[in-house]
Structures are given as C-alpha cells and as structure tokens.
Amino acid sequence: MAQFSGAVKLADLNDFIAPSQACVVNINGRKEGAIQLDSNEFINYPEVGAVQPQPRASPGFQQTAPSGPNGAIKVTLQDCLACSGCVTSAETVLLEHQSAAEFLSKLADPETAVVVSISPQSRAALAAFYGLSPAEALQKLTGFFKGLGVKAVLDTSTGRDFALLEAAAEFVQRYRTRHPELSEASRDDPMDVDDRINQSGEASSSGREALHSNGSHSHAINGHTSLAHGVRGAQRSQPADATALPMLASACPGWVCYAEKTHGDYVLPHISSTKSPQAVMGTLVKRHLAAQWGLRPEQIYHCAIMPCYDKKLEASREDFNVPGSTVAEVDSVLTSGEVQQLLEAHGRALSELPSAQLDSLVGGIEEDGQLYGLPGGSGGYLNYIFRTAAAQLFGQDLGPGPLPMRVLRNADFQEVSLEVAGRPALRFALAYGFRNIQTLVRKIKRRACEYDYVEIMACPSGCLNGGGQIQPQPGQSTQQLLDQLDTIYHDPQVVPRLPQDNPAVAALYKQWVGAPVGTDKAQQLLHTQYHKRDKSIAATVGDW
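Residue 110 in numbering that gives the first Met the number 0 sits at position 111 of the sequence shown; the count goes up by one each step and never skips.
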C-alpha cells in the first residue's frame with residue numbers, strides 16, 4: 000500500500016474496505032443504509048464495487064447507482080476523500096488517477112501543454128539516489144522531462160516563497176488582533192508592493208531610528224540582548240475567524256486531512272489559511288502561466304513532483320480547482336519514488352541525462368541556475384515566520400544564524416522563544432509525527448497550549464522523510480538516508496535567500512496579484528479554507 004502519512008491512515012480505524020464491507024455513502028439519497036458488496040461476485044467480476052474517479056462536479060455527493068447487481072458503484076474522488084468509511088479505497092483511486100501512466104498519456108496528447116513543478120525535497124532525494132549535487136539533479140531532471148515533451152519545468156521554491164510571505168503576514172495580523180496594544184500602535188497606511196515585500200522579513204532602518212529616539216525595551220532570545228521598537232506595517236485583510244492562536248501550519252495535507260476528519264471544531268480555526276507551496280504553484284500555473292501562453296486552464300496538465308503521497312490528496316481537493324470550474328490547478332502528483340521508477344522504465348540513470356535550465360514564471364526574469372533556500376527541510380515555516388514576527392512586532396533583527404531551538408520530549412518536538420523586557424513575547428514550536436500532533440491537539444482542546452505558532456508535519460522528521468521518498472538502498476538505514484538528505488538539502492550550493500528578495504515573487508505581486516502581501520487580492524489567490532468532515536453513523540455501526 001502507498002506510504003500515506005500516519006495521520007491520514009490513523010484518522011479512521013476502518014482503514015480498509017473489504018469486498019464484504021459497506022460503502023457508507025448513500026446512492027442519490029434513495030437508500031439510508033449502506034450498499035453491500037458480495038465477496039463471491041467480487042471474485043468473478045474484478046471491477047465490482049470499484050470506486051471510479053469521475054469528473055469533479057458541484058459540491059456535494061455526486062454518485063451513479065449501479066446498473067445491475069454486478070455494476071460498479073461510482074462516486075467522485077472528492078466524495079471518497081470526504082467520507083469516513085475508508086482511506087484505502089481513496090488511495091487506490093489516487094494511485095490510478097495520478098500515476099506515471101496518466102502523466103505519459105497527457106504527454107502524448109498534442110492539444111495538452113504539460114507543466115512539471117519540482118519540490119526541493121524530491122530534488123534532494125533524487126540527488127542522493129544518483130550521487131549528484133542538488134543543482135545537477137535539478138538540471139538533469141529538467142532535461143529528462145523536457146526530453147519527454149514537457150513544455151515547462153518549474154521549481155516550487157517560488158510557491159514556497161509566496162506561502163512564507165503570506166503565512167508570516169497572516170500570523171502577524173493574528174497576533175496583532177489578539178494584542179491590540181501592538182496593533183493600534185503599529186498600523187500605518189498600506190504600502191505599495193515593493194515596500195511591503197522589502198519590509199516582510201526585517202524592520203526598516205527608519206523604524207529603528209524612531210525607536211531609539213522614543214525609548215527602547217531590552218529584549219532577548221535565549222539570552223541574546225538587543226533593542227525592540229514600535230512596529231510599522233501595512234494593515235492586512237483577514238477572514239472573520241482568523242484570530243485563533245496558536246496558528247498552525249497548513250502545508251501538510253496529511254495533517255489537514257486528519258484535522259478535518261477528527262478535530263474540526265477545535266482545530267480548524269487555528270490552521271493557517273495560506274495555501275501550501277504546491278497549491279500556490281497550481282494557482283500560478285493555471286491562472287498566470289495559462290494567461291501568458293494564451294491557453295485555457297484545462298489545456299494545461301500540471302504535475303507536481305513531491306516527497307509524499309498525501310500531496311495527491313491535496314491535489315484532489317475541490318478548494319484547489321480553478322474558481323467556478325471543475326478544472327484542478329494541480330492535475331496530478333508524482334512522488335520522488337515514482338519519478339525514480341519512471342527513469343528506470345526509460346532505462347536511463349539521471350546522472351547520464353543531458354542538463355537543461357529551468358523555466359521562469361515571469362517574462363524578462365530568467366532562472367540563473369542558482370538554487371536558493373531557507374533552513375528547515377519542511378519549508379522553513381517556523382524559521383521564517385519567527386524571524387518576521389520578531390522584526391515586525393518587536394523590532395528584533397535576529398541575524399542569519401540558526402535559531403536556538405530547544406528539544407523537548409524528542410527531536411520531532413522542539414521550541415524556540417523570544418523574550419521582551421524579561422517576559423515571553425513569542426513562543427514557537429515544531430511538531431512532527433502523529434504522536435506529537437496528538438499531544439498538541441489535546442493541549443489546544445484543553446485551552447492549555449502555550450505556543451503562538453506551530454509548524455506541523457505528519458511525517459516524523461518532516462517532509463524530507465515523506466512516504467513518497469526513495470527508500471534506503473541496501474545496507475543503508477533510514478536514519479543514514481535522512482542524514483544524507485538533510486546534508487544535500489542544505490548543501491552550500493543552496494544559497495540562503497529571504498522570500499522578499501526573490502525577484503520573480505516581487506514581479507508577480509506587482510503584475511499578477513496587483514496588491515501587497517496579505518491584502519484582499521492576495522487572499523483570493525493565495526489562501527484557502529477547510530471543512531469539518533462529519534463521521535458517518537453508518538460507518539461507525541458497520542465497524543462494530
């Protein structure tokens with residue numbers, strides 16, 4: 000079975016729907032009970048009871064009743080994922096619908112333009128497997144895909160930079176809302192996009208000068224003392240319920256799926272509304288790039304290369320369709336392991352392939368071949384948002400060094416704090432793996448969570464250890480592989496760069512979004528929503 004995250008698989012105990020078990024979704028409301036599948040008939044007719052992927056339609060269950068006793072029950076993939084009856088059936092559909100075979104079939108269609116987005120975690124996995132540097136791996140992957148007929152190959156780092164900017168702005172706004180004494184003192188007129196992006200990760204020098212003239216506050220991060228000042232910043236729009244703290248990271252679909260199915264009322268208001276880097280790339284490809292090419296969104300097939308199978312779940316969400324349509328912004332996801340198998344099927348090692356340059360999302364800004372990144376194998380959310388909040392809320396420039404993280408119960412649960420005038424001002428944590436997620440959720444339910452922000456990932460050790468990554472080679476332990484991936488991910492070739500210093504992102508905020516970070520226009524393009532998934536009574540009764 001595909002290595003979906005533990006958070007997805009443990010969200011419901013009835014993980015497998017056997018032929019004699021029941022699909023709990025009603026057929027067009029005509030029957031209140033479940034539809035039973037006979038195991039003997041299933042043996043003679045391999046497709047009896049198979050869940051068939053259907054084109055996405057309007058919200059709500061869209062089913063087709065079986066044509067006869069041996070007919071297939073058809074539901075949409077979205078229905079299957081929203082249902083609490085099983086997870087494995089949805090996995091099967093995802094693996095068939097979002098597969099290398101489908102990807103190759105789209106390449107053979109002359110009327111379809113295929114775009115591939117490659118994540119840094121997958122780049123690191125393939126570099127490790129083939130003994131390449133991260134830059135070589137990305138260039139050779141680009142050459143491989145273009146040799147297959149892909150029209151454009153993109154780096155999801157652009158989507159990550161958008162996501163980090165929006166998530167940081169969202170957190171700062173939530174914090175200000177909860178602390179009106181900061182909010183009222185720091186609000187100015189909205190700035191234009193260049194000023195906003197330049198200020199995203201650091202306090203302006205004029206702000207520091209104003210502080211020194213108006214008085215200063217001693218402030219420390221684990222013992223390092225500096226000065227804090229009043230905060231400047233553009234007022235940002237926010238959803239009506241976007242005030243809950245701690246704010247929880249939203250980039251991991253395994254975590255989001257678990258939260259929606261199991262802890263909706265308590266947890267969903269806390270989850271950041273910012274789209275994941277994959278979802279941001281989907282929006283860029285289907286709405287910006289399609290317009291640049293003079294194509295309709297449905298004429299582009301967008302495939303993302305990701306480190307985990309849960310990203311297939313994310314791509315299937317109706318929230319990530321082109322608005323007002325059934326066109327997915329990310330049509331399919333291939334994992335690192337599936338790309339390695341695709342290379343094997345073509346009889347080629349990545350190291351033997353010619354190199355090619357990445358494509359750019361912005362005309363006039365060409366990719367220079369240099370790789371850029373931030374600390375943190377899961378996207379750097381805690382690192383960037385903590386630094387941005389310290390600068391914008393308390394005037395602290397934390398500098399380029401690593402944050403002084405403190406390990407708690409295990410390496411997958413760490414925290415960092417910021418003190419102002421001897422009192423805690425910010426407290427952030429990272430929680431990786433299902434066990435630590437459960438601990439955190441229990442604290443939130445008891446209103447006993449002491450954190451302002453938590454970077455949550457379903458996989459232990461985070462995204463570099465995603466279930467879709469290439470497995471350890473013979474004689475190599477999982478930990479040895481993870482250490483190797485971390486070294487490659489943070490290779491000296493990968494130059495640190497703040498999201499606001501990405502020229503493509505700055506240009507796209509101007510040309511495409513047309514408004515500063517965190518404003519209404521940015522909300523419409525770069526944010527999403529979540530849905531409580533009620534557990535069916537029929538499923539519960541059937542299990543017992």
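Glycine residues also receive a C-beta, built at the ideal position from the N, C-alpha and C atoms.
Judged by DSSP in its simplified three-state form, GLU110 adopts coil rather than helix or strand. Rounded to whole angstroms, the gap between the alpha carbons of GLU135 and PRO374 is 20 Å. If you draw a straight line from the Cα of ASP451 to the Cα of LEU429, it comes to about 11 Å. Per DSSP, THR334 is one residue of the beta strand (DSSP E) stretching across 331-334. Taking ALA355 as the centre and dropping the five residues before and after it, the same chain places the C-beta of GLN138, THR141, GLY142 and LYS145 closer than 7 Å to its C-beta, in chain order. Separation of the CB atoms of ALA250 and ALA168 is rounded to 16 Å, and the pair is thereby denied contact status at 8 Å. Given a length threshold of 4 residues, each whole run of the alpha helix (DSSP H) inside the segment 118-190 is given here in chain order: 119-129, 133-147, 156-177 and 179-185.
With fewer than 16 other Cβ atoms from the protein chains shown falling within 10 Å of its own Cβ, ALA100 counts as exposed.
Contact check between the segment 275-292 and the segment 150-164: three or more CB pairs, one atom from each, fall below 8 Å, which counts as touching. Contact between CYS307 and THR334 holds, with the beta-carbon distance rounding to 7 Å and staying under 8 Å.
Apart from sequence neighbours up to five positions away, the residues of its chain that approach PRO353 with a beta-carbon distance below 7 Å are GLY142, ordered along the chain. C-alpha of LEU247 to C-alpha of ARG295: approximately 35 Å in a straight line. Excluding its 5 nearest sequence neighbours in each direction, ASN464 has C-beta neighbours in its own chain below 6 Å: CYS458 and LEU481, listed in chain order. Annotated as distal: ILE304 and ILE455, with beta-carbon spacing of 8 Å or more. Secondary structure note for PHE427: its beta strand (DSSP E) is the uninterrupted segment 422-431. With a minimum length of 4 residues, the unbroken runs of alpha helix (DSSP H) contained wholly in the segment 286-314 fall at 289-292 and 309-314. Around the C-beta of THR477, fewer than 16 other C-beta atoms lie within 10 Å, and the residue is accordingly described as exposed.
In the structure shown, MET404 falls within a coil segment according to DSSP collapsed to helix, strand and coil. Around VAL266, the same chain offers LEU247, ALA258, VAL440 and ILE443 as residues with beta carbons nearer than 8 Å, after the five sequence neighbours per side are excluded. Sorting GLU110, HIS96 and ALA127 by C-alpha distance to the C-alpha of HIS489 places ALA127 at the top. Between TYR300 and the set ALA521, GLN510 and VAL115, the nearest pair of CA atoms involves VAL115. By the Cβ-count criterion, THR527 is buried, with 16 or more other Cβ atoms from all chains shown falling within 10 Å of its own Cβ.
Judged by DSSP secondary structure, GLU259 falls within the alpha helix (DSSP H) whose first and last residues are 252-261. Annotation for VAL504: no beta strand (DSSP E) segment contains it, though the alpha helix (DSSP H) segment containing it runs 502-507. Note on geometry: alpha-carbon atoms of GLN523 and ALA348 lie some 42 Å from one another. Contact between LYS311 and VAL332 holds, since their C-beta atoms are separated by about 5 Å, short of 8 Å.
Nearest Cα to GLU351 within the set GLN510, LEU131, ARG496 and LYS105: LEU131. Distances from the CA of GLN499 to each of TRP511, VAL516 and LEU342 were compared; the closest alpha carbon is that of VAL516. Shortest Cα-Cα distance from LEU402 to any of HIS345, VAL321 and TYR383 involves TYR383. Its Cα nearest to that of ARG408, the residue GLY432 stands out among GLY432, ILE270, LEU392 and GLY474. With respect to LEU397, LEU153 sits apart: the two C-beta atoms are not nearer than 8 Å. Between GLU328 and ASN320, the gap from beta carbon to beta carbon is short of 8 Å.
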